[in-house]
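Going by this note's numbering, the sequence shown opens with residue 254, and the numbers climb by one from there. Every residue, glycine too, gets a C-beta built ideally from N, C-alpha and C. Notes follow once the structure below has been shown.
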Amino acid sequence: MDVQRKLEILADAAKYDASCASSGTEQRDSSDGKGLGSTSPGMGICHSYAPDGRCISLLKVLLTNACNYDCLYCVNRASSNVPRARFTIDEVVKLTLDFYRRNYIEGLFLSSGIIRSADYTMEQVVSVARKLRDEHHFRGYIHLKTIPEADDALIAEAGKYADRLSINIEMPEETSLARLAPEKDVRAIRRTMGRLRLKLDEAAERPATKARPPRFAPAGQSTQMIVGADSASDQTILKTSANLYGAYRLKRVYYSAFSPIPDASRALPLIAPPLVREHRLYQADWLMRFYGFDVGEIVDGHGSGMLPLDIDPKLAWALRHRERFPLDVNRASREELLRVPGFGRKAVDRIIATRGVTSIRVADLARLHIPRNKALPFIVLSDHRPSVRLLDAAGLAERFRPPAKQLGFGF
């Protein structure tokens, strides 16, 4: 099989893994005339996104889509009737360098099906990164998938060459993983996450010396959960994410909407969940990480445990807690401002800087990049106060919902 055909198969097989963002690593470049590639802003990693939101800035491939495991939700499972291919180490190295020189990509995202054993597969993946770094002096971004059962020495070596390591938790509940991926062990996955955290903590705690200490995955570790392959609610998914962030200091949890696959098991749903559900989970995840919300606030504990699809989770929270509004923008604390619909973190920083020299008025919202229609019902400004009747009105939520549209026939 020629390399072109392998690339078609193995790039397509990798598209279901959403955790390929390339942010957060150390800055490197080749301005000294040595090496190849860069991770510097403006000239290194460039983020491009497909229509469904997945990052396409990296060469994103599997080393092979052959796999010993038979995970029911995976198109590359052992019993799946799909074409199989396998790159050699040199082929992946050459593709990465050729694509980089043509300005198609700014780095490599490499995963693999499990072949022979976890140690053998991990050694093959690490060999690609080792060859790029040591032989070709590649300084671009490298993200490697970590095999949970692999030897600790291999994982340590992977961290030496990779910018980020990731291990997919796959399912939000242990029972779902046991039912849909019986060869995988959630305890082994979490043990490896714990080992990665210890190595990351050790690297961060090393004192600065003239002799540069060994690096270890400076962009940290991440994971991915499949959404909609089981019956887990959004509340369950977010609780699992909060636990992962707290226990393992993950940089990101990625959410990937389940995609129906050929010859699927009857244990799987027949249709994919709405893609907007994945989007709402990302918004909720952002609220947990950067806006001071916890899971119990984001998801209504008295409902179904699902996020509303027609409005964003911060707006849904504000509508459930109207007693906290209207909020005086010129006096409120940063923590309070972060909970106003339409206020992002940068907007809040601009508000605080501006109100130190002048009172904020309605006309200032556009300059501060704040959507007026979303924010005005919840805030007090020097020249604006929403009516009590508006804030208490049962129809306030309807102002923010998208208008109904007649659906087509789908053909």
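Between the C-alpha atoms of residue 578 and residue 585, what's the straight-line distance to the nearest angstrom?
Rounded to the nearest whole angstrom, the C-alpha separation of residue 578 and residue 585 is 11 Å.
Applying the 10 Å Cβ sphere with the 16-neighbour rule, what's the burial state of residue 358?
Here residue 358 is buried: its Cβ has 16 or more other Cβ atoms, across all protein chains shown, within 10 Å.
Helix, strand or coil for residue 458 per DSSP?
Helix, per DSSP.
Write down every uninterrupted run of the alpha helix (DSSP H) in the region 482-506 whose length is 4 residues or greater and which is fully enclosed by it, in chain order.
487-501
Proximal residues to residue 260 (C-beta, below 6 Å), its chain only, five neighbours per side dropped:
none
For the alpha helix (DSSP H) holding residue 479, just list the boundary residues, first then last.
Following the DSSP letters along the chain, one finds residue 479 in no alpha helix (DSSP H) but inside the beta strand (DSSP E) bounded by residues 474-480.
Taking the beta carbon of residue 360 as the centre, do at least 16 other beta carbons fall within 10 Å, making it buried, or is it exposed?
buried
Given that a residue counts as buried once 16 or more other Cβ atoms are within 10 Å of its Cβ, and exposed if not, what is residue 254?
exposed
Here's the rule I'm using: 16 or more other beta-carbon atoms within 10 Å means buried, otherwise exposed. How should residue 533 be labelled?
buried
Using C-beta distances below 8 Å, list every residue in its chain close to residue 598, excluding the 5 sequence neighbours before and after it, in chain order.
Excluding five sequence positions before and after residue 598, the CB atoms of its chain that fall closer than 8 Å to its own CB belong to 543, 544, 591, given in chain order.
Is it buried or exposed for residue 428, if we count other Cβ within 10 angstroms and need 16 for buried?
exposed
By the 10 Å Cβ neighbour count, where 16 or more other Cβ atoms means buried, how is residue 611 classified, buried or exposed?
exposed
Quick one: does the C-beta of residue 649 sit closer than 7 Å to a heavy atom of the ligand GTP?
Within the structure as shown, the ligand GTP is missing, as the structure has no ligands at all.
C-beta contact flag for residue 377 and residue 365 at 8 Å:
yes
Please identify the residue among 485, 439, 339 whose C-alpha is closest to the C-alpha of residue 240.
Absent from the structure is residue 240, since the part of the chain shown begins at 254 and ends at 664.
How should residue 301 be labelled, buried or exposed, when 16 other C-beta atoms within 10 angstroms of its C-beta is the threshold for buried?
The pLDDT assigned to residue 301 is 45, lower than 50, so where the model puts this residue is not dependable; a value taken from the coordinates is nonetheless given after this. Looking at its Cβ environment, which holds fewer than 16 other Cβ atoms inside 10 Å, residue 301 is exposed.
Across the region 481-494 and the region 386-403, are there enough close Cβ pairs to call them in contact, namely three or more that are closer than 8 Å?
no
Kindly indicate which three-state DSSP category residue 344 falls into: helix, strand or coil?
helix
Check whether the region 492-503 touches the region 519-531, counting contact only when three or more Cβ pairs, one atom from each stretch, lie closer than 8 Å.
no
Can you find at least 3 beta carbon pairs, one from the region 385-398 and one from the region 439-457, that sit closer than 8 Å?
no
Endpoints, the alpha helix (DSSP H) within which residue 605 is located:
598-608
Proximity below 8 Å, CB of residue 430 to CB of residue 362:
No.
Burial state of residue 617 (16 or more Cβ within 10 Å):
buried
What whole-angstrom Cβ distance do residue 321 and residue 367 have, given they're in contact under 8 Å?
Beta-carbon to beta-carbon, residue 321 and residue 367 are separated by about 5 Å, close enough to satisfy the 8 Å threshold.
Assign residue 557 to one of two classes, buried (16 or more other C-beta atoms within 10 Å of its C-beta) or exposed (fewer than that).
exposed
Please go through the region 364-451 and give each complete beta strand (DSSP E) segment of 3 or more residues, from N-terminal end onward.
394-398, 417-419
Which of helix, strand or coil DSSP assigns to residue 637
strand
Beta-carbon spacing of residue 414, residue 383 below 8 Å:
yes
Between the C-alpha atoms of residue 251 and residue 659, what's the straight-line distance to the nearest angstrom?
With the chain covering only 254 through 664, there is no way to say anything about residue 251.
What span of residues does the beta strand (DSSP E) with residue 567 cover, start to end?
Careful: residue 567 lies outside any beta strand (DSSP E), inside the alpha helix (DSSP H) at 566-573.
Which residue wins for smallest C-alpha separation from residue 587, given the options 601, 653, 332, 434?
Residue 601 is the option with its Cα nearest to residue 587.
Locate the alpha helix (DSSP H) running through residue 618, then write down its first and last residues.
617-620
Looking at the unbroken beta strand (DSSP E) that takes in residue 314, where does it start and where does it end?
Looking at the DSSP string, the run of the beta strand (DSSP E) that includes residue 314 is 312-315.
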